[in-house]
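Numbering (this note's numbering), first residue to last: 380 to 726. A virtual CB, placed ideally from N, CA and C, is assigned to each residue, including glycine. Keep in mind the model is a prediction, meaning the values are calculated, not measured. The block underneath contains the structure these notes are about, expressed in structure tokens.
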Amino acid sequence: MATAKKLPSGKYRCLIYTGIEDGKRKYKSFTADTKKEAELKATQYVMDKKDAEETPAAITFKVAIELYNSSKEAILSPYSITSYLTIKRYLEKHFADFCEKNIYIITQKDIQAVINKMAKNLEPKTVRSRHGYIASVLKENGYEKNIKTQLPAKKRPNNYIPTEKEIMRLLEVSKDTELEVPIMLAAFGMMRRGEICALTLDDFNGNLVHIHKNKVRDHNGDFHIKAPKTYSGDRYIELPQFVTDTIRQKGYVTNYLPDTITKNFEILLKRNGLPHFRFHDLRHFSASVRHTLVPDVYTMKSGGWSSENILQGIYRHALSDREKEMSDKVNDYFSEKYNHATRNTTR
């Protein structure tokens, strides 16, 4: 620390070097009646300047969102970025005060209040997802406090799985329509809408199809062909012969966009008296059938899941129209194997 020097006036002055400006060395001067007081002023200035340099710039949560989203644009899929922008608009509309807060003074109580209000109107899965986004935005921008928010309990998904009878009906009513091939690829190949729409005949080698593209919409509403979001999404699927025969006969996969598939699939169900379910539920059907026939590791690989937990938590359902068949199969086995033993030991 610089030492104060006595001036001709009898006061003391301490000079602190602040840098070079216009080619000249610059100093800040601190004058006081005593040497100790002048040095104390200079010391306080240096300490305050150091704290200011080490403390992150004060930004609002709204600005933090902008910085976070911008940093992810080059590495995330258009779908993920669109999801982030949707959450951003939601937070700005329903939690304006929170968005205007300096992120470094946001408390756990503030975050919990946002989550509690969300939980009144949104599904637990959505609340958990948006909390994860809030936490990521804060951490990415230097928020150092430990976030321990109490979240709503997870809700077991109640996904609908079409019956085999409903699948047969779908194949019948979609024959020779633009939906025929997409329905087959989802129900027998566990493919997603975007994957189906991105397929071309060049991706086929006999009955083997290479899934390595996805047609997705960006935040401007335009569709683009992108690589899969995960490593496991790039995969090969062996399709039934009748599916590839149908595709070759048509000469292409589909001209539909993902949203068009959804819309026209709903119309097809309604016109033919079939229960309402999502196009994506055809994938549930395929995974469930495979679960009864082959080890889950093969289903996980063919379906493009990175974790067996996802398969077990969402897609492992027994087909409703096969429940009794499966139950009878187990009971017949037990009866054949052990019934004679129980009769022999019965007194």
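With a 10 Å radius around the Cβ and a threshold of 16 neighbouring Cβ atoms, Met547 comes out exposed.
Here Ile454 carries a coil assignment [DSSP, helix/strand/coil].
The Cβ-Cβ distance between Ile399 and Tyr424 does not fall below 8 angstroms.
Residues Lys441, Cys478 of the same chain have their beta carbon placed closer than 7 angstroms to that of Glu471, with the five preceding and five following residues left out of the count. Of all C-beta pairs linking the region 524 to 543 to the region 578 to 587, fewer than three are shorter than 8 angstroms, placing the two stretches out of contact.
CA-CA distance, Asp582 to Ile590, rounds to 7 angstroms. If you draw a straight line from the Cα of Lys414 to the Cα of Lys385, it comes to about 7 angstroms. With a minimum length of 4 residues, the unbroken runs of alpha helix (DSSP H) contained wholly in the region 491 to 554 fall at 503 to 519, 543 to 553. Rounded to whole angstroms, the gap between the alpha carbons of Lys499 and Thr528 is 16 angstroms.
Check the Cα spacing between Thr505 and each of Ala577, Leu517, Tyr469: the tightest is with Tyr469. In this structure, Arg669 keeps its C-beta atom at 8 angstroms or more from the C-beta atom of Arg571. Cα atoms of Pro457 and Thr633: separation of roughly 22 angstroms, rounded to the nearest angstrom. Short of 7 angstroms from the beta carbon of Lys405, and not among the five residues preceding or following it, lie these beta carbons of its own chain, in chain order: Thr397, Gly398, Ile399. Contact between Ala443 and Leu549 does not hold, since the beta-carbon distance rounds to 47 angstroms and is not under 8 angstroms. Using a Cβ distance threshold of 8 angstroms, Ile540 and Asp711 do not count as a contacting pair.
The DSSP-derived three-state label of Tyr391 is strand. Arg657 carries a coil assignment under DSSP once its states are collapsed to helix, strand and coil. Under the DSSP assignment, Ala383 falls outside any alpha helix (DSSP H); it carries neither an H nor an E label.
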